[in-house]
Amino acid sequence: MDYKKTVYLDNAASSFPKPRSVIERMNRVLNENTANPGRSGHRLSLSASQIVFDARTVVADFFGISGHEENVVFTYNATYAINTVLRGLLRRGDHVIISDIEHNSVLRPLVAMKKDGISFDIAETFESDDLTVSSFSSHIRNNTKMIFVSHASNVSGAILPLKALGDLCKKNGILFCVDASQTAGHLPINIREMNISALCAPGHKSLMGPQGTGVIVISPELNTEISPLVYGGTGTDSLLDIQPYVLPEYLESGTLNTVGIAGLAEGIRFCMNEKNAISSKISSLFSYAYSELEKIPHIRLFSPKTDNVGIISFSVDGIDSEQITRFLDSEGICVRGGFHCSALFHKKALSDRFGLVRVSPGVFNTKKDIFTFIISIKRLKK
Amino acid sequence: MKKYKCIVVKSQTYAKKAEKVLSHNGISSSVLHCKAGSVSGCGRCVKVEEKDVDRSVDILKKEGVILTGEIYGL
Chain A
1 MDYKKTVYLD
11 NAASSFPKPR
21 SVIERMNRVL
31 NENTANPGRS
41 GHRLSLSASQ
51 IVFDARTVVA
61 DFFGISGHEE
71 NVVFTYNATY
81 AINTVLRGLL
91 RRGDHVIISD
101 IEHNSVLRPL
111 VAMKKDGISF
121 DIAETFESDD
131 LTVSSFSSHI
141 RNNTKMIFVS
151 HASNVSGAIL
161 PLKALGDLCK
171 KNGILFCVDA
181 SQTAGHLPIN
191 IREMNISALC
201 APGHKSLMGP
211 QGTGVIVISP
221 ELNTEISPLV
231 YGGTGTDSLL
241 DIQPYVLPEY
251 LESGTLNTVG
261 IAGLAEGIRF
271 CMNEKNAISS
281 KISSLFSYAY
291 SELEKIPHIR
301 LFSPKTDNVG
311 IISFSVDGID
321 SEQITRFLDS
331 EGICVRGGFH
341 CSALFHKKAL
351 SDRFGLVRVS
361 PGVFNTKKDI
371 FTFIISIKRL
381 KK
Chain B
383 MKKYKCIVVK
393 SQTYAKKAEK
403 VLSHNGISSS
413 VLHCKAGSVS
423 GCGRCVKVEE
433 KDVDRSVDIL
443 KKEGVILTGE
453 IYGL
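Line order of the protein sequences matches chains A and B.
The first sequence runs contiguously to residue 382 in the numbering used here.
The second sequence runs contiguously to residue 456 in the numbering used here.
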């Protein structure tokens, strides 16, 4: 398949292509050193440890906790990170508030944890930030331990008011945990300024790293232990039969994905270097696509025009979303149909019958890509 | 001949962090695996010149590097 002839508009699922620097870095590590980091004492193992440590430094700097490399935990994706935070922080009797746009990676663990005595409420979100914050506030109980929200919907792209929700948590002594799957790399996130207790992010979306990478960035101010999801070798205190409590290794049992982590760090460096260009490019492509889709009869948009991370979801009257994506695929255009692992969103939007078509441009897309997509959508209706 | 000591830290990440913060403070160090019998198996330490040990320990504590408290000579 000639990938250069496709128009890839599914960056909310995974970014493609990756920056050249990411590919070169991963190739270099794969060619020069695949020793196990943090295990042996020889030069190659120590060098691999340096690669991982340098990546922790990059992540800590990027999310506003410079000098706290020990608070950067590498995972294998955002779902793994979210499960670690939920299962690691919540105890029997605790109550959690989530939003009505959460991904199944938040909803499903919490539903499963009901049997462990964890309860949760779903706060309604609105276009008005004040109403959204009030909605969360109204659900706070004496036993509310945590608010867990997505920074932005993976279906509509709507951005939630992170700073205001962080302030609400601080005022009420509640943990504030965030799924930044759609925003990390696109929008500025500062753990301290936003009062975030733990941030979960995938490496392979807008952080531009490879699949198989993710992070938990833990606030240096968090004084609650996150217990591990997985137990095993951590490279230290090998004679103990209990997991040594020292971050980040406490939450990182097993061999790390050094090649992927090196690629993730390079992806984040790309995001840092191209910060302004990424922001203006996504914004410009989003606006162009949105304004063109708006003009097409029978298309209904489910994404806000403003305060959007750069995702557009839509339906075409009476046509199954997967039928539309199949047609677009036949035209060489890659978008996602269906329900986007987001039951809450689709039930709220009443789009749970035919699903929605989601278009998510990335930093390497061009205006011509959007034009090609719009022409195809117009042809579909004919 | 220079004499060296090993300052034992809690993890590989803290060892690398120790190396970084000591370097920022003009102290040369390197990460080593601890001698067998030290800590509870597979420990990490930073090797520094004996003359830098006290200052290194102060810097590491101030920078939040968790030490086990053990220091031994090479």
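Quick reminder that beta carbons are idealized off the backbone N, C-alpha and C, glycines included.
Task: Segment limits, alpha helix (DSSP H) that includes A343 of chain A - done: A343 of chain A -> alpha helix (DSSP H) spans A343 to A349.
- [ ] Would you check whether the ligand HEM has a heavy atom nearer than 7 Å to the C-beta of I282 of chain A?
- [x] This structure does not include the ligand HEM; it has no bound ligands of any sort.
Open item on the list: Using the three-state DSSP reduction, which class does I278 of chain A fall into: helix, strand or coil?
Closed with: Correct three-state label for I278 of chain A: helix.
Task: Touch test, the stretch 43-51 of chain A against the stretch 150-161 of chain A, Cβ-Cβ under 8 Å, three pairs minimum - done: Judged by Cβ distances under 8 Å, the stretch 43-51 of chain A makes no contact with the stretch 150-161 of chain A, as fewer than three pairs qualify.
- [ ] Examine chain E for any beta-carbon lying closer than 8 Å to the beta-carbon of Y454 of chain B, and answer yes or no.
- [x] No chain E is present in this structure, whose protein chains are A and B.
Open item on the list: List, from N- to C-terminal side, the beta strand (DSSP E) runs of 3 residues or more that fit wholly inside the stretch 22-69 of chain A.
Closed with: Fully enclosed beta strand (DSSP E) runs of no fewer than 3 residues are not present anywhere in the stretch 22-69 of chain A.
Task: For V416 of chain B, three-class secondary structure by DSSP - done: The residue asked about is misnamed: residue 416 of chain B is Cys in this sequence, not Val. If DSSP states are grouped into helix, strand and coil, C416 of chain B belongs with coil.
Task: DSSP three-state assignment for R108 of chain A, whether helix, strand or coil - done: DSSP places R108 of chain A within a helical segment (H, G or I) once states are collapsed to three.
Task: Length of the line joining the Cα atoms of K5 of chain A and T372 of chain A - done: Approximately 11 Å between the Cα atoms of the pair.
Task: Distance CB(P109 of chain A)-CB(G267 of chain A) smaller than 8 Å - done: With contacts defined as CB atoms closer than 8 Å, P109 of chain A and G267 of chain A fail to qualify as a contacting pair.
- [ ] Enumerate, from N- to C-terminal direction, the unbroken alpha helix (DSSP H) stretches of 4 or more residues contained entirely within the stretch 393-448 of chain B.
- [x] Correct list: 394-406 and 435-444.
- [ ] Tell me, please, whether the stretch 323-335 of chain A touches the stretch 352-361 of chain A by the rule of three or more beta-carbon pairs shorter than 8 Å.
- [x] Touching, yes, given that three or more Cβ pairs across the two stretches are closer than 8 Å.
- [ ] Tell me whether the beta-carbon of E401 of chain B lies closer than 8 Å to the beta-carbon of V413 of chain B.
- [x] Taking 8 Å as the cut-off, the Cβ atoms of E401 of chain B and V413 of chain B count as close.
Task: Beta-ladder partner(s) of D121 of chain A, from DSSP - done: Paired residues: A:I97.
Task: Chain-order list of residues whose beta-carbon lies under 7 Å from that of K398 of chain B (same chain, five-residue window excluded) - done: Take K398 of chain B, set aside five residues on each side of it, and the residues of its chain with a beta-carbon closer than 7 Å to its own are V413, in chain order.
- [ ] Give the interface partners of R20 of chain A over in chain B, defined as CB-CB distance under 9 Å, in chain order.
- [x] Correct list: empty, because the minimum Cβ distance to chain B is about 28 Å.
Open item on the list: Among the candidates A:C177, A:F126 and A:I189, whose CA atom is the shortest distance from the CA of L86 of chain A?
Closed with: When each option's Cα is compared against that of L86 of chain A, the closest is A:C177.
- [ ] Determine the chain A residues that contact I448 of chain B at a beta-carbon separation under 7 Å, and present them in chain order.
- [x] The contacting residues are V246.
TODO: Determine whether the Cβ of R87 of chain A lies closer than 8 Å to any Cβ atom of chain B.
DONE: Output row for R87 of chain A: interface = no.
TODO: Please classify E385 of chain A: is it buried, with 16 or more other beta-carbons within 10 angstroms of its beta-carbon, or exposed?
DONE: There is no way to answer for residue 385 of chain A, as the model of chain A reaches only from 1 to 382.
Open item on the list: Contact defined as beta carbons within less than 8 Å: I believe F74 of chain A pairs with V215 of chain A. What is the distance between those atoms, to the nearest angstrom?
Closed with: In this structure, F74 of chain A and V215 of chain A form a Cβ contact; the two beta carbons are roughly 6 Å apart against a cut-off of 8 Å.
Task: Contact belief for L181 of chain A with P210 of chain A at Cβ below 8 Å, rounded distance in angstroms - done: According to the sequence provided, residue 181 of chain A is Ser. The question's Leu does not apply to it. Not confirmed; about 15 Å, so no contact.
Task: Selection from A:R336, A:L199 and A:S153 that minimises the alpha carbon distance to F126 of chain A - done: For F126 of chain A, the closest alpha carbon among the candidates A:R336, A:L199 and A:S153 is that of A:S153.
Open item on the list: Under 8 Å, Cβ to Cβ, is there at least one residue of chain B near Q211 of chain A?
Closed with: Q211 of chain A does not count as touching chain B.
Task: Run of the alpha helix (DSSP H) containing F327 of chain A, from where it starts to where it stops - done: Start and end: S321 to S330.
Open item on the list: Any beta carbon of chain B sitting closer than 8 Å to that of R135 of chain A?
Closed with: Checking the sequence, you will find Ser at residue 135 of chain A rather than Arg. No, its Cβ sits nowhere closer than 8 Å to a Cβ of chain B.
- [ ] List the whole-angstrom C-beta distance separating F286 of chain A from P361 of chain A, where the pair is believed to meet the contact cut-off of C-beta under 8 Å.
- [x] Contact holds; Cβ gap of about 7 Å.
- [ ] Kindly indicate if chain A contains any beta-carbon less than 8 Å away from that of V413 of chain B.
- [x] V413 of chain B counts as touching chain A.
TODO: Verify the CB distance criterion: does C424 of chain B have a CB-CB separation below 8 Å to chain A?
DONE: Taking Cβ atoms only, chain A reaches closer than 8 Å to C424 of chain B, which makes this a yes.
Open item on the list: Per DSSP, what are the beta-bridge partners of I214 of chain A in this structure?
Closed with: Before going on, a small fix: residue 214 of chain A reads as Gly here, not Ile. The partner list for G214 of chain A (beta bridge, DSSP) reads A:T75 and A:P202.
TODO: Within its chain, find whatever has a CB closer than 7 Å to the CB of K305 of chain A; leave out the 5 residues flanking it on each side and keep chain order.
DONE: Excluding residues up to 5 positions away in sequence, Y290 lie with their Cβ nearer than 7 Å to the Cβ of K305 of chain A in the same chain.
TODO: Please classify H415 of chain B: is it buried, with 16 or more other beta-carbons within 10 angstroms of its beta-carbon, or exposed?
DONE: With 16 or more Cβ atoms within 10 Å of its Cβ, H415 of chain B is classed as buried.
TODO: Along the alpha helix (DSSP H) that carries K384 of chain B, what are the first and last residues, could you check?
DONE: Run containing K384 of chain B: none; DSSP gives neither H nor E here.
TODO: Thinking S197 of chain A and L175 of chain A are a contact (beta carbons under 8 Å), I'd like their distance in whole angstroms, please.
DONE: Distance from S197 of chain A to L175 of chain A at the Cβ level is roughly 4 Å; contact confirmed, criterion being Cβ atoms closer than 8 Å.
Open item on the list: Does K145 of chain A come out as helix, strand or coil in the three-state DSSP assignment?
Closed with: Annotated three-state conformation of K145 of chain A is strand, per DSSP.
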